[in-house]
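Notes follow once the structure below has been shown.
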Amino acid sequence: MASPAPKSMLAGLLQALSGPEPLIILPHDNPDPDALASAAALKYLAQELLEKDAVIAQGGIVGRAENRAMLTYLNIDLKPVRDLHLRADSLVALVDTQPGRVNNSLPREIVPAVVIDHHPAYADYRQVPFLDLRDEYGATSTILTEYVREARVELESKLATALFYGISAETQDLGREATPADIAAAQFLYPYTNKRRLAKIENARVPRVYFRAFHEAIERAVIYDRVVVSILPEVQYPDMVAEVADFLLRLDEVEWACAIGGFGENLHVSLRTTERDVNAGDVLQRVLGNESAGGHDMTAGGRMPLDPREADAAVHAAAVVRDRLLALLDAAGAAPRALV
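Numbering (my numbering), first residue to last: 88 to 427.
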């Protein structure tokens, strides 16, 4: 059984969400399954316990096929954040992200009423009325599952499926940075899930461009001692770099995998490792800067703005990122070897 959130935490959450304003729930940009499920659960709690209108705001795009399938099969509605006209008095809850991070679209002058995340605190958030950061958990969906359990609301099948998939995707089927709390939450949720919809999400159909992107990523992958790096000048969607990094980490002769790709005006970076004694999030923060990256022991992600005036800006910036990373991992002097 998952350890439910203390009643004082649930009461504090509901207190922070009270008031006449509609609730705007904002996950990180280009939301992944954990962020989407967490946002859906918080929306459900607000509606069921407070009878409050709530919307889930979307920054960036939902590009990965599994994530788009999740929206479709589990009826998760998103509204572009640019259409919501956020104001200083807007009631905002951040999930799976934190104030001041470059991975969300919250204007810096707005203080959210609620922040729920499973990443370590990146700053002092004493001005936030309700803060629940549990970096010892493997997924934010686990935190929201505990709130749902404590609230004793009816657990709808689609919400259970979303939360289960959020935990599963974030922890690679409970095999990556999963804690007893994550395992217990997944075990609680699974009987309530819609197995057919879950299968459709996990095995979402992909277009031909997906295979072309992976073909390019493999061709561009270079091994430097125990590190493999793939630089993609342009990706179809930001999540592609995470997919590539996960895929490259399966290479049996490396301990680190990094995928770097340009999308729009930003360079996106994803870092993965099998090492247990080095924190991937700390490494990528040293590469990109504290506000531009974050993560956990084995996974990290970040982004940095590109100069639109510079030709081939993504390629040049990616080379700088690669060189910084290799230096930190003591692989700067390694002879480069093509993967294929």
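Glycine included, every Cβ here is placed at the ideal spot set by N, Cα and C.
Could you tell me the distance, in whole angstroms, from the CA atom of residue i to the CA atom of residue j?
| i | j | result |
| --- | --- | --- |
| Gly-106 | Glu-138 | 11 angstroms |
| Glu-321 | Arg-292 | 22 angstroms |
| Lys-130 | Ala-141 | 6 angstroms |
| Ile-288 | Glu-257 | 14 angstroms |
| Gly-388 | Arg-283 | 31 angstroms |
| Asn-117 | Asp-326 | 7 angstroms |
| Gly-99 | Arg-195 | 24 angstroms |
| Gln-102 | Pro-120 | 27 angstroms |
| Ala-344 | Arg-359 | 5 angstroms |
| Glu-378 | Thr-184 | 12 angstroms |
| Ala-89 | Leu-285 | With a pLDDT of only 39 at Ala-89, under 50, the local geometry of the prediction cannot be trusted, and no value is derived from it. |
| Glu-241 | Ala-133 | 13 angstroms |
| Arg-295 | Val-331 | 16 angstroms |
| Ala-404 | Ser-317 | 13 angstroms |
| Arg-363 | Ala-398 | 39 angstroms |
| Pro-91 | Thr-232 | Its pLDDT being 44, under 50, Pro-91 is placed unreliably in this model, and the coordinates cannot settle the point. |
| Arg-299 | Leu-335 | 16 angstroms |
| Tyr-224 | Ala-400 | 37 angstroms |
| Asp-164 | Asp-204 | 21 angstroms |
| Leu-415 | Asp-222 | 24 angstroms |
| Asn-162 | Pro-278 | 20 angstroms |
| Ser-228 | Pro-167 | 22 angstroms |
| Val-202 | Gly-253 | 18 angstroms |
I need the DSSP call for residue i, collapsed to helix, strand or coil.
| i | result |
| --- | --- |
| Val-215 | coil |
| Ala-208 | coil |
| Gln-134 | helix |
| Arg-169 | helix |
| Met-385 | coil |
| Pro-392 | strand |
| Ile-163 | coil |
| Gln-323 | coil |
| Val-201 | strand |
| Ile-310 | strand |
| Leu-220 | strand |
| Ala-419 | coil |
Sort the options by Cα distance to residue i and report the nearest one.
| i | options | result |
| --- | --- | --- |
| Arg-396 | Glu-352, Leu-358 and Arg-373 | Glu-352 |
| Asp-176 | Val-198, Leu-193 and Met-391 | Val-198 |
| Ala-226 | Tyr-277, Val-235, Tyr-311 and Leu-250 | Leu-250 |
| Ala-346 | Asp-339, Phe-275, Asp-333 and Leu-338 | Asp-333 |
| Arg-239 | Leu-136, Leu-413, Leu-173 and Leu-371 | Leu-136 |
| Ala-272 | Ser-255, Lys-166, Ala-398 and Asn-281 | Ser-255 |
| Val-467 | Pro-216, Gly-381, Pro-423 and Pro-392 | Beyond the ends of the chain as shown, which are 88 and 427, falls residue 467; an answer cannot be given. |
| Ala-422 | Val-189, Leu-113, Val-370 and Val-315 | Val-315 |
| Met-96 | Tyr-160, Leu-246 and Ile-230 | Ile-230 |
| Tyr-209 | Arg-411, Lys-166, Val-402 and Gln-372 | Gln-372 |
| Gln-323 | Ala-122, Ala-128, Pro-114 and Gly-150 | Gly-150 |
| Asp-170 | Asn-162, Leu-193 and Ala-156 | Leu-193 |
| Ile-148 | Asn-191, His-205, Ala-304 and Arg-263 | Asn-191 |
| Asn-366 | Gly-348, Val-202 and Glu-342 | Glu-342 |
| Val-235 | Ala-128, Gly-381, Leu-158 and Glu-303 | Ala-128 |
| Ala-156 | Thr-248, Ala-418, Arg-174 and Leu-104 | Thr-248 |
| Leu-104 | Ala-200, Gly-381 and Ala-126 | Ala-200 |
| Val-328 | Glu-243, Val-168, Gly-348 and Tyr-279 | Gly-348 |
| Ser-125 | Leu-181, Leu-319, Leu-338 and Thr-159 | Leu-181 |
| Thr-386 | Glu-340, Leu-413, Glu-264 and Arg-213 | Glu-264 |
| Tyr-160 | Asn-281, Gln-214, Gly-146 and Tyr-212 | Asn-281 |
| Glu-340 | Thr-361, Asp-211 and Lys-245 | Thr-361 |
Can you name the start and end residues of the beta strand (DSSP E) that residue i belongs to?
| i | result |
| --- | --- |
| Pro-423 | 423-425 |
| Ser-317 | 314-319 |
| Ala-180 | 178-182 |
| Ala-265 | Neither: Ala-265 is in no beta strand (DSSP E) and is coded neither H nor E. |
| Leu-110 | 110-114 |
| Gln-145 | 141-145 |
Would you kindly report the start and end of the unbroken alpha helix (DSSP H) that includes residue i?
| i | result |
| --- | --- |
| His-355 | Here His-355 belongs to no alpha helix (DSSP H); instead the beta strand (DSSP E) covers 353-360. |
| Leu-242 | Note, Leu-242: premise wrong, no alpha helix (DSSP H); not H, not E. |
| Thr-159 | 152-160 |
| Ala-329 | 327-335 |
| Gly-348 | That residue, Gly-348, is in no alpha helix (DSSP H); its beta strand (DSSP E) goes 343-350. |
| Gln-185 | Where Gln-185 is concerned, there is no enclosing alpha helix (DSSP H), given that its DSSP letter is neither H nor E. |
| Gly-368 | 367-375 |
| Glu-289 | 282-289 |
| Val-408 | 400-415 |
Report the CB separation of residue i from residue j in whole angstroms; it is logged as a contact under 8 angstroms.
| i | j | result |
| --- | --- | --- |
| Ile-111 | Ala-152 | The pair is not a contact, with the Cβ atoms about 27 angstroms apart (cut-off 8 angstroms). |
| His-355 | Arg-313 | Their Cβ separation, rounded to whole angstroms, is 23 angstroms, which puts His-355 and Arg-313 out of contact at 8 angstroms. |
| Ala-308 | Leu-218 | Not quite, the Cβ-Cβ distance comes to about 40 angstroms (not below 8 angstroms), so this is no contact. |
| Asp-269 | Leu-261 | 6 angstroms |
| Leu-123 | Pro-114 | 7 angstroms |
| Val-408 | Val-370 | About 12 angstroms; that fails the 8 angstroms criterion. |
| Arg-424 | Ile-305 | Not really, about 14 angstroms apart at Cβ, beyond 8 angstroms. |
Quick check: does the Cβ of residue i come within less than 6 angstroms of any heavy atom belonging to the ligand GDP?
| i | result |
| --- | --- |
| Asp-140 | Ligands in the displayed structure: none, and consequently the ligand GDP is not present. |
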